[in-house]
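Numbering (our numbering), first residue to last: 32 to 353.
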């Protein structure tokens with residue numbers, strides 16, 4: 032029997048063996064006296080040969096892991112406003128938190144509860160110092176409470192992916208479908224799916240799933256997204272134009288693209304479709320809070336300040352001039 036050469040076998044079967052990783056390196060780097068430095072050579076191989084593995088790892092962000100921190104958190108609106116009012120921007124975050132702990136400005140009987148509140152407060156509003164400074168400036172300069180409430184909600188949701196995605200992936204689609212009620216089992220079902228997909232920090236049992244669902248719904252009620260003590264109903268939170276503009280600047284700093292800001296999923300936290308977001312931008316421009324220009328997919332957004340803290344002074348000055 033005639034032996035079929037390997038080249039003919041490949042042509043006959045359509046099979047082509049995958050080249051060895053070293054073959055992916057240009058010949059001039061594999062031969063000659065000056066070889067490609069080892070670390071760079073290895074990086075080139077990994078980039079070419081194991082691209083799918085790298086891509087998977089690079090896109091698996093810790094932010095995609097859902098936590099149960101909402102069980103201890105809730106909205107904490109009253110305590111947050113007390114702390115913002117007592118905050119000293121001339122001192123560091125650690126100094127302010129230490130003073131709040133020593134003086135027990137919340138009037139809590141449990142020291143552990145005070146520690147929990149301060150830890151949650153820092154995570155939500157001072158992981159990004161510019162966010163915290165903006166909230167302090169608004170609170171201490173008499174900004175309307177209607178401005179501050181949606182900001183506390185928005186930045187709390189940014190800090191807690193569980194809370195954020197319950198709104199974006201559960202409440203918002205339900206709102207679009209025309210439902211106004213929100214049975215707890217709807218949220219439980221979504222969380223159970225996340226657990227099954229391995230998106231939670233640990234495999235939660237039914238008790239934890241129910242507690243996360245109930246505490247998330249309670250927090251959203253306190254933030255004004257839901258109504259009802261027992262039976263919850265959807266009620267889109269009121270978003271004043273200055274609060275919208277401040278959030279837009281934060282998104283602009285993150286996205287670096289006007290188009291991505293306009294299309295951001297985070298507007299769904301306020302049940303806003305893209306058309307609704309665009310109307311807000313037009314209104315903010317009419318109030319001289321920003322400049323908005325759109326031509327097809329090209330969107331240009333400009334702000335009269337570089338940081339959130341600076342922008343709060345623009346918003347406050349504009350408010351006083353009206």
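For each residue, glycine too, the CB sits at the ideal point set by N, CA and C. Please read these numbers as outputs of a predicted model, since none were measured by experiment.
Once DSSP output is grouped into helix, strand and coil, what is the label at residue i?
i	result
residue 318	coil
residue 265	strand
residue 303	coil
residue 270	coil
residue 250	helix
residue 76	At residue 76, the pLDDT of 38 sits below 50, so the modelled position is not reliable; the number obtained from the coordinates is stated separately. It is helical.
residue 350	helix
residue 337	coil
residue 136	coil
residue 159	coil
residue 287	coil
residue 61	The predicted model places residue 61 with a pLDDT of 45, which falls under 50 and marks its position as unreliable; any figure quoted below should be read in that light. Three-state result, residue 61: helix.
Using 10 angstroms around the beta-carbon of residue i, count the other beta-carbons present and answer buried if the total reaches 16, otherwise exposed.
i	result
residue 97	buried
residue 328	exposed
residue 269	exposed
residue 111	buried
residue 163	buried
residue 14	Lying before the first or after the last residue shown, residue 14 is absent from the chain, which here runs from 32 to 353.
residue 313	exposed
Straight-line CA distance for residue i to residue j?
i	j	result
residue 332	residue 135	43 Å
residue 235	residue 188	21 Å
residue 359	residue 257	This structure does not reach residue 359, given that the chain is present from 32 up to 353, and the question cannot be answered.
residue 290	residue 220	33 Å
residue 280	residue 334	7 Å
residue 324	residue 315	12 Å
residue 292	residue 303	13 Å
With DSSP as the reference, identify every bridge partner of residue i, one or two as the case may be.
i	result
residue 292	Per DSSP, none; premise fails for residue 292.
residue 332	323
residue 257	265
Which whole runs of the beta strand (DSSP E) in the segment 163 to 248 are 3 residues long or more, in chain order? List check, beta strand (DSSP E) in window: nothing returned.
Going residue by residue through the segment 90 to 121, where are the continuous alpha helix (DSSP H) segments of at least 4 residues, counting only ones entirely within it? DSSP runs (the alpha helix (DSSP H)) wholly in the segment 90 to 121: 101 to 104 and 108 to 117.
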